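Structure record follows, encoded as structure tokens.
In our numbering, the protein residues as written are 27 to 159.
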């Protein structure tokens, strides 16, 4: 069982309202299960803080937390950034490149601004999340 008061303090989640307490309780629940989590909300509400809290409270906390701002990576590069590539797989691929999923190494990957990605790549991403491969 996770100490939610301690989790809240360590994660920098500020407030004592019922809504905040409910969020912290939810973080402690999902952190105990090995699942993909979708965090939604308006810009500036603290989605990244919540994601980091989930990571910190989970069994993956000793493994990497890799954050990717999908909206900041150009469309032609993002697939290679997420999934990596092999040497020679396309013009200019002079060496093997590790992708962000591989870098997370069974830790946590935080994908911010996924709605900014091409729909075809979003479909590939959904498959990765569903199949875990």
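Beta carbons: idealized from backbone N, C-alpha and C, even for Gly. Small disclaimer: the values here were computed from a predicted structure and weren't measured.
Whose C-beta lies closer than 7 Å to the C-beta of residue i among residues of the same chain, with five residues either side of it excluded?
i	result
residue 77	65, 136
Does the distance from the C-beta atom of residue i to that of residue j stay below 9 Å?
i	j	result
residue 90	residue 129	yes
residue 63	residue 56	yes
residue 126	residue 92	yes
List the residues that DSSP assigns as beta-bridge partners of residue i.
i	result
residue 66	Bridge partners of residue 66: none, in fact.
residue 138	95
residue 111	123
Where residue i and residue j are concerned, what is the direct C-alpha to C-alpha distance, given to the nearest angstrom?
i	j	result
residue 124	residue 108	8 Å
residue 119	residue 113	5 Å
residue 97	residue 142	5 Å
residue 159	residue 138	20 Å
residue 149	residue 81	24 Å
Excluding the 5 residues flanking residue i on each side, which residues of the same chain have their C-beta closer than 6 Å to its C-beta?
i	result
residue 45	none
residue 86	133, 134
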